[in-house]
Amino acid sequence: MISTTLCLECRSLCASVAAYGIDPTGKYIPLNPYYHAVGFLAPPVAFAAGDDDIDACLVGTTDQGVVLAFRGTIPPDIHDQQSLLDWISDLTAEPIAVPGIPGKVHEGFWEDLSTLWEPVVKEIKQQMNASGKSLPLYITGHSKGGALSSLAAFRLKLQEGIVPTAVYTYASPHPGDTTFASQYQLVIPNHIRYEYGNDIVPHVVPDAAFIDAIAQIPELGKFFKGMETWDYSPVGTLKFIQWDKKTIDSDSLELDVERLARLVGAIAECRFEAIIAAHSASCGSGYMSGVCPSGVCV
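In terms of my numbering, the sequence shown opens at residue 217 and continues consecutively.
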């Protein structure tokens with residue numbers, strides 16, 4: 217059974233990983249130990265939509281409130297640079313303007329969210345009010361699911377008047393540009409984003425600093441050419457899990473420099489499998505070790 221001592225960040229991470237149990241038909245198969253760690257009071261409702269049902273999320277209720285957990289992108293088995301580039305390209309798109317949303321957002325992520333939107337919002341409202349009083353709403357996601365979490369939080373506030381109690385994202389790519397990010401912070405102040413070690417996904421879609429750093433590797437630099445003006449930015453308050461999987465730091469210029477240097481070095485040394493492994497959130501990963509040091513994995 218779930219330990220009630222697990223923190224919200226840990227239970228949210230487990231919900232993010234549990235969301236990978238949504239199969240291509242939209243059926244949900246509980247993934248343990250993550251599913252038990254969330255502590256759903258009843259089986260969550262699963263949603264899948266989009267081409268080949270690649271967009272998916274769970275809505276369920278725990279003793280702390282309603283949880284909306286978005287499924288992320290499943291990394292391929294990476295062995296070489298081209299495979300890494302192919303995977304990253306799937307998360308890369310020019311930002312677009314959306315009516316009613318300040319700034320610009322990632323076109324693919326916005327469209328993915330829209331495929332799920334109406335039935336998910338209906339289920340959120342139903343579960344939030346099932347007990348006769350409005351329950352708190354927590355939104356979470358890993359990888360692409362983190363970007364969808366940010367967009368969903370903002371959209372719920374602007375379109376439905378629903379303000380999530382907190383948003384927790386893990387290994388999230390950038391959901392929009394700097395204008396979007398600055399307005400997001402004003403509307404959704406209770407957002408914590410976790411990033412770990414040499415995980416490349418939190419740098420995608422790349423900002424100018426990342427592109428400048430990666431330009432040291434010509435064959436990769438040309439891949440990102442032209443993206444400098446897209447002006448993407450992360451959202452939420454950073455909690456960075458250091459390479460030792462234990463120490464958690466806050467955002468700083470020194471940390472930014474060190475992260476870029478280490479990641480570029482890993483790419484230059486062709487440590488592609490290690491880079492992709494850094495993106496994992498399952499037991500033994502940097503994310504699980506940093507956020508849930510005990511109580512979930514044996």
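Just so it is clear, CB atoms sit at the ideal spot from N, CA and C, and this is done for glycine as well.
All of these numbers come straight from a predicted model, not from anything done at the bench.
- With fewer than 16 other beta carbons inside 10 angstroms of its own, proline 240 counts as exposed.
- Taking a 10 Å sphere around the C-beta of valine 514, we find fewer than 16 other C-beta atoms and assign the residue as exposed.
- Collapsing the DSSP output to three states places histidine 252 in a helix.
- Between tyrosine 244 and glycine 255, the CB-CB gap reaches or exceeds 8 Å.
- By the criterion of a C-beta distance shorter than 6 Å, glycine 276 is surrounded in its chain by Phe256, Pro260, Val283, once the five residues flanking it on both sides are discounted.
- The residue among Val233, Ala262, Gly242 with its C-alpha nearest the C-alpha of proline 249 is Val233.
- Boundaries around alanine 477 are those of the alpha helix (DSSP H), 469 to 484, since no beta strand (DSSP E) includes it.
- Proline 240 sits in coil when the DSSP states are folded into three classes, being neither helix nor strand.
- Partner residues in the beta bridge of glutamate 411, as assigned by DSSP, are Phe456.
- Leaving aside the five residues that flank glutamate 225 on each side, the residues in its chain whose CB is nearer than 7 Å to its CB run, in chain order, Tyr384, Ile408, Val507.
- When the beta-carbon positions are compared, lysine 373 and phenylalanine 325 stay at least 8 Å from each other.
- Under the three-state reduction of DSSP, cysteine 226 is assigned to helix.
- Pairing proline 380 with phenylalanine 263 gives a Cβ-Cβ distance that is not under 8 Å.
- Closest by C-alpha distance to cysteine 499, out of Ala490, Ser510, Glu489, Ile483, is Ser510.
- By the neighbour-count definition (other C-beta atoms within 10 Å, threshold 16), serine 350 is an exposed residue.
- For threonine 385, the enclosing beta strand (DSSP E) starts and ends at 382 to 386.
- Nearest C-alpha to alanine 258 among Gly481, Pro246, Cys486: Pro246.
- Here cysteine 486 is exposed. Its C-beta has fewer than 16 other C-beta atoms within 10 Å.
- Here asparagine 414 is buried. Its C-beta has 16 or more other C-beta atoms within 10 Å.
- The Cβ atoms of proline 450 and phenylalanine 396 do not sit closer than 8 Å to each other.
- Assignment of beta-bridge partners to valine 321 by DSSP yields Ile312, Gly392.
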